[in-house]
Structures are given as C-alpha cells and as structure tokens.
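A.B. asks:
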Amino acid sequence: MKDICTLSLACDDKPGLVARVAGYIAGRGGNIVDAQQFNDGLNQRFFMRVDFSLGEGDSPEDWRAGFAVPAAQDGMDWRLRAPGERKKVLLLVSKFDHCLADLLYRWRIGELAMDVVGIVSNHEAAHLTTAAIGDVPFHHLPITKGTKPEQEARIRALAEDLGADLVVLARYMQILSDEMAGWLSGRCINIHHSFLPGFKGAKPYHQAHDRGVKMIGATAHYVTADLDEGPIIAQEVVAISHADTPEDLVSKGRDIERRVLAHAVAAHLEDRVFLNGTRTVVFPG
C-alpha cells in the first residue's frame, strides 16, 4: 500500500462531515480504501481516519492545498500523510533496555514504519545489555539533580536538529520537568510499568507481590506534566498466581511492557491516535 495517503482529522461534530470528506476525495479522482470514524457524544467531537489513493496526476502537495479550504470552514485539525512518508523517532533509555531492543527489532524487520534518528541514554552504551544498537547514533547525556535543566536542553536541541517527530521513553527512568513535558506534548510516548492498582516508587513488582495481586500490566501514554497521568494509548494485563515469585513478575512485566509500548508506537506512527482532552481515540489497525 505504498501509494496510499492517510488523512486524519478532528473537529466539532456537525452534519455532513463524512460526505464532505468523501466528496472531496472523489471529486479529485481519489478512491477510498479504508475509513474509520467516531462521534464522541460526550463533548460533540468528531474523529476520522481515511486511507485513499490519489487521483491520476494528483499530488499530496496539491491535495493539501485544495483541502485546506473546506478544512478551515469546518474548523478541522488535520494532517495528510503522503505515500511512503515516515516519522522520525528519537528513543530515550536508561539501563533497562528490553523495550529499546524490541522497538529496534520491530523497526529493522519492517514492522514499525519509522526512521530511528538516534538513541539517548543517561548511561553509557556499555551499561546496556542489548547489542541491537548497531549503527544507530548513540548519545550519552548523563544527568544529575544539578544538571537536569542543561541535560534536557541538550535533548531538545538534539531532537530539533534530528527533526524528530516522536520521542519514545523506552524505560527512560528520569522524571521530565514540566517545561520538557510541555515541549513534548502530544509527541512523546512513555511506558508505565503498572496497571491499576499502581505501585509507585522502587521495585513495583515486589510491591505487587507483597500485596498479592492477581494481575499485572503496563500502560503506554502520552507524556504530560502530571507524571504517568497523560492520555492513555494502550494497556494490557497478564494473570499471575500465588505461585509466582517477584522475579516471575519482573519477567512477565518486561514482556508486557515491550509489547504495549510497541502497540502504542505503531498506532501513533500510523496516525490512529487522536487526542481527545485527557483521553484518546485509538482506531484499530
């Protein structure tokens, strides 16, 4: 489907939106191959994602220029992803590198359509256990309590220089400042090692074991100034039993963390995620 464009849009709900979008595509000779929509009756918002082929002789640039007029009339927040267009992704990691290795593997086999422009870690590469870094540019940016503003400024500069569209916290074990979280709003995904009830602080799986929980999980969400309170993109749980040790929970937790993070990243890359206040609309892939 390399010749397919993807239109994603959100606006206040009103009659005729689907007809106007479909009519515009058909009017330019395009052909819709997949369409998904959601009308949120709680806040009267409309969300739509459309895969379509361009008409003969049409181009993404001309299509965007023409669609800007009806989109403005309906107050749409929209974007068109052209065929073959890929988001540039910057990965941040600390010492736990299972999520990093998984994302890099999925990228290399073509499962995640992205361009990994770099890896940033507050630890040297020698502290990571993965050999998957390969030729991906690696940036060691150490951090202390006193150097946090300077280190975050270096990450922002690096992201801008590399043209990163998305920043993924692949178990980056540093709390971002409000300024950094605000700068990354809507384009930074984090993986949180918990499903409800949440166990904060050190050794969350050991805390869960002490409480005798019967399931553990992981939550991928957009980063906001409120730690681990950002709009949720993907969640998953796995059942555990009284026979599981804390080490068993850690092992199962690693597996579910990498899986949930990969699902969330894929949904973002494919323009299937829409911010909806403190929530998200996520169309199935």
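For what it's worth, the numbering used here labels the leading residue of the sequence shown as 112, then goes sequentially.
Glycine residues also receive a C-beta, built at the ideal position from the N, C-alpha and C atoms.
Pair every Cβ in the stretch 218-225 with every Cβ in the stretch 188-205, then say whether three or more of these pairs are closer than 8 Å.
C.D. replies: yes
A.B. asks: Between VAL293 and the rest of its own chain, which residues show a CB-CB distance below 7 Å, the 5 nearest in sequence each way excluded?
C.D. replies: At residue 293 the sequence reads Gly, which differs from the Val that was named. Cβ neighbours of GLY293 beyond the five flanking positions: ALA336.
A.B. asks: Is the beta carbon of HIS317 less than 8 Å from the beta carbon of GLU368?
C.D. replies: No; because the gap between Cβ atoms is not below 8 Å, this pair is not in contact.
A.B. asks: Does LEU211 come out as helix, strand or coil in the three-state DSSP assignment?
C.D. replies: Reduced to three states, the DSSP call for LEU211 is helix.
A.B. asks: If you draw a straight line from the alpha carbon of GLN77 to that of VAL348, how long is it in whole angstroms?
C.D. replies: Since the first and last residues shown for the chain are 112 and 396, residue 77 lies out of range.
A.B. asks: When you compare only the Cα positions, how much space is there between LEU165 and TRP189?
C.D. replies: 17 Å
A.B. asks: Report the three-state DSSP secondary structure of ARG383 (helix, strand or coil).
C.D. replies: coil
A.B. asks: Can you list, in chain order, the residues of its chain whose CB lies under 7 Å from that of THR240, leaving out five sequence neighbours each side?
C.D. replies: ASP208
A.B. asks: May I have the straight-line CA-CA distance separating HIS234 from VAL279, to the nearest angstrom?
C.D. replies: 16 Å
A.B. asks: Taking C-alpha atoms, which residue in ARG192, SER288 and ASN387 lies nearest to MET225?
C.D. replies: ARG192
A.B. asks: SER352 to ARG322, Cα distance in whole Å?
C.D. replies: 12 Å
A.B. asks: Determine whether the beta carbon atoms of CYS122 and PHE163 lie at a separation below 8 Å.
C.D. replies: no
A.B. asks: Would you tell me roughly how many angstroms separate the C-alpha atoms of THR356 and ALA182, rounded to the nearest one?
C.D. replies: Straight through space, the alpha carbons of ALA182 and THR356 are spaced by roughly 55 Å.
A.B. asks: Identify the continuous beta strand (DSSP E) that holds ALA146 and give its terminal residues.
C.D. replies: First-last of the beta strand (DSSP E) with ALA146: 142-151.
A.B. asks: To the nearest angstrom, report how far apart TYR283 and LEU211 are at their CA atoms.
C.D. replies: 10 Å
A.B. asks: Since MET159 is in the beta strand (DSSP E), which residue starts that stretch and which ends it?
C.D. replies: 156-164
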